[in-house]
Amino acid sequence: MDNNQIAFDFALHTNRNLFITGKAGTGKTTFLHRLKEASGKQMAVVAPTGVAAINAGGTTIHSFFQLPLSPFFPTPEGKKDLIAKARMRSQRRRILQELELLVIDEISMVRADLLDAIDHTLRYYRYRPNEPFGGVQVIFIGDMFQLSPVVKDDEWELLSQFYPSPYFFHSLVIAQRPPVYIEFEKIYRQTNADFIRILNEVRNDSLCAESLQALERRYDPSFVPPEEDNYITLTTHNYKADLINSEELAKIKGKTYVFDAEIEGAYPEKSFPTEQRLELKIGAKVMFLKNDTEMPRR
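Reading the sequence shown from the start, the letters are residues -3 to 294 in my numbering.
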């Protein structure tokens, strides 16, 4: 039995908290979708950002738990302030009270104080003050080699009094009840052994000279992608991609069609997966940010 199946059995048949990790392509997202289909528990899926929440088929942590964007301090005063600021309606309270399984995706980005805020919220609204997460089973999914928590210097100056680092595993609730650690190891997304080795070296910041040479041999400074081949340009910053997209869209003759997003829930603008106003023309190339589940497959 591989680790993916072990984690699946733990999730379905126990109440243990799990930390599921693994390299890119090892099946973490597939596990989540499979769990959503098979679990009979009252389940919620949350993530730290809007993009991550959409990809996971859930909502943002702040929206689901009605949490303020300010840091959480695990003191009696901080806990009272957290509850006082929450705009928790009766329907949301009922959801929290009936919750059995909480999945937090992209856990590498979740700060320790945010996880403790989730913990206190569940304890309070579920009337189980002595149980971690109010008795809810929690599954953490993510790769700690990917994006790290964002914390400003002035925030960390205050939070460092309570936490040795901003990472979720240094939260007080994790110290009280550590999760079962399960690492997915088999890579399904790639099959080329040499390429997998190079990817792992990049991931671990241990790229050897041979691997670097193999990558450099692929570099062609004179290469110009033919338009008919539909190459995608990767940029280091969003504004560069926006500039390229605007320039290419302007080259297309014809009417511009404007689509304004409908925002549901407390999504801060910086968490939007794309621009709030989308401008398109007939003939423009469009890349979906997530699968379209409403259109029939061909």
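In this text, a Cβ means the ideal position worked out from N, Cα and C, and glycines have one as well.
Quantities reported herein were computed from a predicted structural model and do not represent experimental measurements.
Shown here for VAL99: same chain residues with a beta carbon closer than 6 Å to its own, the five before and five after excluded, namely VAL41 and ILE135 in chain order.
Counting only runs of at least 4 residues, the region 142 to 180 fully encloses the following alpha helix (DSSP H) elements, listed from N- to C-terminal order: 149 to 155 and 168 to 172. Fewer than three pairs of CB atoms, one per stretch, sit closer than 8 Å, so the region 170 to 177 makes no contact with the region 49 to 60. A distance below 6 Å between beta-carbons, with the five flanking residues on each side excluded, links ILE278 to the following residues of its chain, in chain order: GLY250. Just so you know, the alpha carbons of GLU179 and THR252 end up roughly 48 Å apart. Counting C-beta pairs with one atom in each stretch, the region 62 to 70 and the region 106 to 114 have three or more that are closer than 8 Å, which means they touch.
Following the DSSP letters along the chain, one finds ARG273 in no alpha helix (DSSP H) but inside the beta strand (DSSP E) bounded by residues 273 to 276. At a Cβ-Cβ threshold of 8 Å, ILE183 and ILE194 do not count as neighbours. When secondary structure is reduced to three states using DSSP, ILE100 falls in the strand class.
In the three-state scheme derived from DSSP, where H, G and I count as helix and E and B as strand, ILE16 is classed as strand.
Counting other Cβ atoms within 10 Å of its Cβ, TYR227 stays below 16 and is therefore classed as exposed.
Counting along the chain, ILE135 sits inside the beta strand (DSSP E) bounded by residues 133 to 137.
Distance from the CA atom of LYS81 to the CA atom of LEU274, rounded to whole angstroms, is 34 Å. Straight-line measurement puts the Cα of PHE4 at about 29 Å from the Cα of TYR123.
The C-beta of LEU230 has fewer than 16 other C-beta atoms within 10 Å across all chains shown, which makes the residue exposed. Within the same chain, and ignoring the five residues on either side of ALA237 in sequence, the residues whose Cβ sits closer than 6 Å to its Cβ are THR231.
The three-state secondary structure of PHE255, taken from DSSP, is strand. When ARG185, HIS9, ALA20 and PHE255 are compared, the shortest CA-CA separation from PHE141 is found for ALA20.
Rounded to whole angstroms, LYS24 and PHE6 show a C-alpha spacing of 15 Å. With at least 16 other beta carbons inside 10 angstroms of its own, SER104 counts as buried. Residue pairing for MET39: DSSP places it in a beta bridge opposite LEU97. Under DSSP, THR56 takes part in a beta bridge, and its partners are ALA43. Taken in chain order, the complete alpha helix (DSSP H) segments of 4 residues or longer contained in the region 192 to 221 are 205 to 212. For GLU94, the number of other beta carbons within 10 angstroms of its own is below 16, and it is reported as exposed. Within the same chain, GLU197 come within 7 Å of LEU203 by CB-CB distance, once the 5 residues on both sides are set aside. Within the DSSP bridge table, the entry for ARG107 names TYR163 as partners.
About 28 Å separates the beta carbons of GLY130 and LEU143, which is beyond the 8 Å limit, so they are not a contact pair. Per DSSP, reduced to three states, the secondary structure at ARG119 is helical. ILE114 is not a Cβ neighbour of PHE158, given a cutoff of 8 Å.
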